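Colleague: Just so we're aligned, residue 7 is where the sequence shown starts under this note's numbering, counting upward by one.
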Amino acid sequence: MLKTSLLRHNRQLIIFSLILLLLLGALATWGAHQHFLAKTQSDHVATQTALLKERIDKKEKILHGVMLALSQNSAIQKALAYEDRDALDRELGHLRDTFSTWTGFDNYGFHAITFDGRSLYRSYDLDSFGQDVSTHPMLQQAMTDLTEAVTRLELSGFGDAYRVVSIQPVFAVDDPQELVGFITVSQGLKQVLNEFSDQGHAYAVFRKGRVADSDSASSWGVDNAAYFSGQAVSDWRLNAQSMRAGELHEKGQWFYFVQPLNFDASGDAPEAYHLVATPRERLLDQAWEKTFQVIWVLIAALIALVLGGLMQLGLLHFNVLKPLRGLTQTMRNIVDTQRYDQPVWIDKDDEIGEVSQAFNQLLQKTNRVLFDLKYLKIAIDQTLIVSRAAPTGTITDVNDNFCQISGYAREELIGQPHSIIRHPDTPSETFRDLWATIQRHRIWSGEIQNRRKDGSSYHVMSHIIPILDAEGRLVEYLSIRQDISLIVSLRESLQASVEEAQKEKALAQEANQAKSQFLSSMSHELRTPLNAIIGFSQLMELSEMEAQQTQQLQTIQASGKHLLQLINDILEFAKLEVGQLPMQFAVTDMVALTDEATQLIAADAKAQGIRLESEHQSGAAFAYVDALRARQVMINLLSNAIKYNRPEGRVSVTSRQVDTVDGQAWQLQVADTGIGMSPEQLSQLFEPFNRLGQESSGVEGTGIGLSITRDLIEQMHGRIEVRSQPDQGTAFLVYFPLVEAGESVDPDSDRPVPDPAARKASGQTVMVLCVDSDPGRMAALSEAVEPFDRVTLTIAPTWDNAQDQWRHSWPHVVVLNACDSEVPERVATLKAEYEEAGHALQLYGMVEKTDQAVALCHQTLFDALLPLPIDQAHLHARLTAVRLGL
7 MLKTSLLRHN RQLIIFSLIL LLLLGALATW GAHQHFLAKT QSDHVATQTA
57 LLKERIDKKE KILHGVMLAL SQNSAIQKAL AYEDRDALDR ELGHLRDTFS
107 TWTGFDNYGF HAITFDGRSL YRSYDLDSFG QDVSTHPMLQ QAMTDLTEAV
157 TRLELSGFGD AYRVVSIQPV FAVDDPQELV GFITVSQGLK QVLNEFSDQG
207 HAYAVFRKGR VADSDSASSW GVDNAAYFSG QAVSDWRLNA QSMRAGELHE
257 KGQWFYFVQP LNFDASGDAP EAYHLVATPR ERLLDQAWEK TFQVIWVLIA
307 ALIALVLGGL MQLGLLHFNV LKPLRGLTQT MRNIVDTQRY DQPVWIDKDD
357 EIGEVSQAFN QLLQKTNRVL FDLKYLKIAI DQTLIVSRAA PTGTITDVND
407 NFCQISGYAR EELIGQPHSI IRHPDTPSET FRDLWATIQR HRIWSGEIQN
457 RRKDGSSYHV MSHIIPILDA EGRLVEYLSI RQDISLIVSL RESLQASVEE
507 AQKEKALAQE ANQAKSQFLS SMSHELRTPL NAIIGFSQLM ELSEMEAQQT
557 QQLQTIQASG KHLLQLINDI LEFAKLEVGQ LPMQFAVTDM VALTDEATQL
607 IAADAKAQGI RLESEHQSGA AFAYVDALRA RQVMINLLSN AIKYNRPEGR
657 VSVTSRQVDT VDGQAWQLQV ADTGIGMSPE QLSQLFEPFN RLGQESSGVE
707 GTGIGLSITR DLIEQMHGRI EVRSQPDQGT AFLVYFPLVE AGESVDPDSD
757 RPVPDPAARK ASGQTVMVLC VDSDPGRMAA LSEAVEPFDR VTLTIAPTWD
807 NAQDQWRHSW PHVVVLNACD SEVPERVATL KAEYEEAGHA LQLYGMVEKT
857 DQAVALCHQT LFDALLPLPI DQAHLHARLT AVRLGL
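1. Could you round the C-beta distance between Phe-42 and Ala-293 to whole angstroms and report it? I think they count as a contact, below 8 Å.
2. Using the DSSP secondary-structure output, state which residues sit across from Ala-737 in a beta bridge.
3. Could you please give the first and the last residue of the uninterrupted alpha helix (DSSP H) stretch that includes Ala-834?
4. Quickly, what does DSSP pair Leu-28 with across the bridge? List them, please.
5. In its own chain, which residues sit with a C-beta less than 6 Å from the C-beta of Ala-808, not counting the 5 before and 5 after it?
6. Can you grab the Cα-Cα spacing for the pair Ala-764 / Asp-733, in whole Å?
7. Give the single residue among Ala-34, Asp-475, Val-392 whose Cα lies nearest to the Cα of Thr-297.
8. Using a Cβ-Cβ cutoff of less than 7 Å, which residues in the same chain neighbour Glu-727 once the five nearest sequence positions on both sides are dropped?
9. Out of curiosity, what's the CA-to-CA distance linking Ala-85 and Val-186?
10. If you follow the alpha helix (DSSP H) that Pro-847 is in, where does it begin and where does it stop?
11. Would you please state the rounded distance, in angstroms, between the beta carbons of Leu-69 and Ser-172? I believe it to be under 8 Å.
12. Rounded to a whole number of angstroms, what is the C-alpha to C-alpha distance between Asp-761 and Val-631?
13. Going by beta carbon distance, what residues of the same chain come within less than 6 Å of Gly-735, once the five residues before and after it are set aside?
14. Determine the direct distance from the alpha carbon of Ala-786 to that of Arg-757, and round the result to whole angstroms.
15. Candidates Arg-213, Gln-237, Ile-189: which alpha carbon is nearest Phe-202's?
16. Which parts of the stretch 207 to 259 are runs of the beta strand (DSSP E), unbroken and 3 residues or longer, counting only runs that do not cross its ends?
17. CB-CB under 6 Å to Gln-147, same chain, minus the five flanking residues each way: which ones, in chain order?
18. Cα separation between Gln-18 and Gln-318?
19. Going straight from the alpha carbon of Gln-858 to that of Thr-556, what length do you get?
20. Kindly identify the DSSP beta-bridge partner or partners of Tyr-130.
21. Just how far apart, CA to CA, sit Leu-74 and Ser-192?
22. Identify every run of the alpha helix (DSSP H) within the stretch 66 to 152, keeping only runs that are complete inside it and at least 4 residues long; order them along the chain.
23. Of the choices Asp-138, Arg-158, Val-176, Thr-153, whose alpha-carbon is the least far from that of Met-144?
24. Specify the secondary structure class of Pro-397 as computed by DSSP and reduced to three states.
25. Would you kindly check if the distance between the Cβ of Ala-210 and the Cβ of Asp-229 is under 9 Å?
26. Any chance you could list the beta strand (DSSP E) runs of at least 3 consecutive residues sitting entirely within the stretch 359 to 435, in chain order?
27. Alpha carbon to alpha carbon, how far is Gly-315 from Val-361? Give it in angstroms, no decimals.
28. Round the Cβ separation of Leu-644 and Thr-594 to the nearest angstrom and send it over; I've been treating them as touching at under 8 Å.
29. With a Cβ-Cβ cutoff of 9 Å, do Leu-674 and Ala-633 count as a contact?
30. For Trp-351, does the count of other Cβ atoms within 10 angstroms reach 16, so buried, or fall short, so exposed?
31. Roughly how many whole angstroms lie between the Cα atoms of Gln-515 and Asp-378?
32. Suppose you measure from the CA of Ala-883 to the CA of Ala-502; what does that come to, to the nearest Å?
33. Cα-Cα, which of Ala-512, Pro-329, Gln-367 is closest to Asp-356?
34. What do you get for Gly-625, buried or exposed, if any count of 16 or more other CB atoms within 10 angstroms of its CB means buried?
35. By the three-class DSSP mapping on this structure, what secondary structure does Asp-595 have?
36. What is the C-beta distance between Arg-832 and Trp-805, in whole angstroms, given that I count them as a contact (C-beta under 8 Å)?
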């Protein structure tokens with residue numbers, strides 16, 4: 007039930023506005039009336055003062071004209087010159103009637119005065135002949151300045167009243183410079199009085215000291231002029247306070263103002279004032295006339311406000327209240343029926359229509375949300391375990407899944423604490439953490455082991471949500487659980503499997519370690535006798551033998567070298583398998599590296615009759631690789647291209663920069679004109695120890711070279727592709743990502759990083775130390791290594807000097823005199839220091855090709871013998887192997 011409404015509020019607002027407007031209107035009317043009254047009064051004073059001045063000025067001008075006419079009258083001039091009173095009487099009497107007719111002014115007063123100030127003739131006082139009037143102020147002023155007349159209001163002898171008086175000098179007829187006398191004309195103020203009276207005003211001249219029986223010297227009364235009597239103001243007696251000029255005063259039913267007699271407010275207080283009085287009612291009527299104009303405007307505004315208010319109430323009723331009532335009724339229906347498919351249709355293009363549209367959209371979204379919530383609740387009830395609990399922890403509601411998994415009926419659970427399903431194996435810390443979290447009004451999530459009614463256990467992932475009201479007070483707890491018993495079981499099984507796998511991994515690591523130790527041991531055990539076999543065969547070559555024996559020694563050397571290469575490949579393959587092959591990445595110039603590998607293999611190509619061609623894109627191309635391993639990849643590919651080529655075949659080596667899906671890369675292509683491979687052979691190409699049917703071809707090989715090559719390429723973040731056609735040849739394509747010169751790539755992230763110490767791809771410089779004091783041997787070794795790039799030779803003439811040098815720079819190769827008797831002791835010391843410092847060492851022994859020298863040399867201590875003169879090709883191959891780390 008509504009206690010109020012918008013319509014009532016608006017009616018009250020309009021009524022209040024009307025009352026307020028009436029009060030403001032009354033206040034405004036009073037203020038306007040006061041304003042208009044003051045304005046009317048000030049305007050009245052200004053207007054009547056202007057009229058008064060105009061009327062007095064009119065009289066003065068007329069009198070001045072009369073004076074000019076009299077002063078120019080020859081009869082008057084002669085009468086004054088001869089002081090002929092009769093002539094003056096005749097002439098002035100005649101002119102008096104004439105001027106009255108012309109000007110309409112009566113009671114002209116003429117006064118003729120001799121040049122020395124004696125009264126000669128007065129039209130209003132004939133007996134004043136001979137009277138001395140030279141002391142009169144106006145006459146004194148006229149006698150002082152003969153150039154112009156003196157005209158003003160002045161007290162006159164004509165009835166002892168204030169009149170407008172004008173004095174004009176009169177000169178002789180025959181001599182304009184000779185003063186013969188003065189002529190005075192006066193006129194009363196009756197005409198001014200009549201003009202004011204015609205307009206409804208009272209006018210009089212008030213003189214000071216005219217109050218009868220008054221001792222006050224500052225009292226004013228009406229002038230003696232008879233025409234001032236009979237007016238309402240004639241009996242007024244005014245004091246100095248009431249005679250302030252220019253102000254409107256109030257006396258009885260009259261408003262009046264006074265002005266100085268000659269309108270001169272300067273100097274002493276005047277002896278007489280003009281007084282103009284107006285009936286009080288007249289000015290009030292004028293003020294009210296203007297005030298009523300304001301009142302009518304206010305009444306019109308009030309009527310407009312009332313009409314506007316009524317129209318506003320009507321619009322409010324039809325455009326707002328009626329649609330809102332429909333909207334309210336729909337809301338009540340929704341609340342009563344719980345149905346949200348009841349839209350409100352208000353066909354309006356205003357804010358109410360917008361509200362109805364928004365309300366309908368809200369209904370649609372609410373209906374959709376409720377629909378989703380309905381099926382969400384169904385989905386939750388069908389898949390999850392849900393319960394509600396009071397703030398004390400007592401269960402207030404559960405769903406069917408809760409009853410099903412716990413084995414309790416709903417009636418058995420409601421009203422019970424959650425501890426009814428608590429498993430004794432669940433740590434108490436879990437529940438302390440749970441309660442501490444939800445009591446802080448935070449959601450708790452975690453795994454809990456519960457117990458069914460039959461005593462069996464199950465695991466749930468529980469989420470306990472505190473439900474708060476609008477004020478933040480706890481209402482209840484909502485618990486949503488998911489049965490994770492299977493997950494826990496699988497997790498435990500997985501954990502057991504992981505532990506078993508870790509044990510197996512440890513066993514595998516032990517096996518790999520044993521394998522590595524075995525390979526290391528086998529490397530030493532196999533390489534030592536092979537080096538001895540190869541070394542003794544080289545030593546035997548120094549002796550003179552038959553051709554057949556020489557061929558047999560060469561066969562032994564070739565087989566030994568092949569076996570040594572096979573052992574090296576197997577060991578390298580094993581290191582790649584267990585991830586123990588070290589890599590030293592650097593920004594490498596791949597073009598220079600390719601050229602170097604091509605040069606190293608050129609001798610083999612020439613020996614096989616294979617034409618070797620190379621073509622590279624101009625400019626350097628840099629990749630982040632291990633230079634030694636990248637060179638090894640190139641040599642393996644080139645060696646295979648030569649070995650499996652046709653007689654007089656061709657091997658082409660090309661490199662260039664290409665765009666790939668991963669960015670720019672450097673591409674190396676090694677193509678041959680050999681026997682090619684079938685698709686089946688290509689699918690088995692990189693299988694270890696698979697020679698693809700070439701075991702009986704007579705071409706030596708192990709079948710693991712390409713497997714090692716692919717593994718090396720992939721460890722350097724590259725890739726290899728093969729294209730082959732039977733009887734047409736094979737092409738291998740290798741790709742490495744390009745980097746900028748002076749940068750390196752983090753091997754773990756494959757991203758370029760700055761590398762100020764990056765070195766070029768030409769590999770390490772081989773440092774050779776020669777310990778010998780014989781000039782001939784030193785010269786022979788120096789000449790032998792001079793043509794080689796990246797080989798530095800240092801000479802140590804004594805063992806002490808040699809020891810200082812190897813401790814400082816740890817050279818890769820040390821060359822000794824193989825026949826020196828101190829060699830065994832010195833070599834033992836040298837090897838011990840290198841091994842302790844962790845550096846690799848190659849020992850070469852120089853020996854003369856004589857039977858005595860061969861007999862004296864300590865061949866078994868060296869990795870190779872260098873018979874004199876030194877074979878440059880043999881030495882170059884040895885040093886290249888050192889540089890490649892082979």
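The C-beta atom is built at its ideal place from N, Cα and C for all residues, glycine as well.
Just so you know, these numbers come straight off a predicted model, no measurement behind them.
Modeller: Quick answer:
1. 4 Å
2. Ala-677, Arg-729
3. 829 to 843
4. Partner(s): none; Leu-28 has no beta bridge.
5. Val-777, Ala-802
6. Here Ala-764 scores only 35 on pLDDT, less than 50, and its place in the model should not be relied on; the value that follows carries that caveat. Going by the C-alpha atoms only, they are around 44 Å apart.
7. Ala-34
8. Leu-739
9. 9 Å
10. Correcting the residue identity first, residue 847 is Leu in this sequence and not Pro. Where Leu-847 is concerned, there is no enclosing alpha helix (DSSP H), given that its DSSP letter is neither H nor E.
11. 4 Å
12. Confidence in Asp-761 is poor, its pLDDT being 37 and thus under 50, which makes the residue's placement too unreliable to answer from.
13. Asp-678, Thr-679, Gly-680, Gly-682
14. Interpretation of Arg-757 is limited by its pLDDT of 43, a score under 50 that renders its predicted location unreliable; the figure taken from the coordinates is listed afterwards. If I take the Cα positions, the gap works out to 48 Å.
15. Gln-237
16. 208 to 214, 225 to 228, 255 to 257
17. Val-156
18. 13 Å
19. With a pLDDT of 49 at Gln-858, under the threshold of 50, the modelled position of that residue is not reliable, and no figure is offered here.
20. DSSP lists no partner for Tyr-130.
21. 14 Å
22. 80 to 88, 91 to 109, 143 to 150
23. Arg-158
24. coil
25. yes
26. 391 to 395, 401 to 404
27. 25 Å
28. Incorrect: roughly 18 Å between the Cβ atoms, too far for contact.
29. no
30. exposed
31. 56 Å
32. 56 Å
33. Pro-329
34. exposed
35. strand
36. 6 Å
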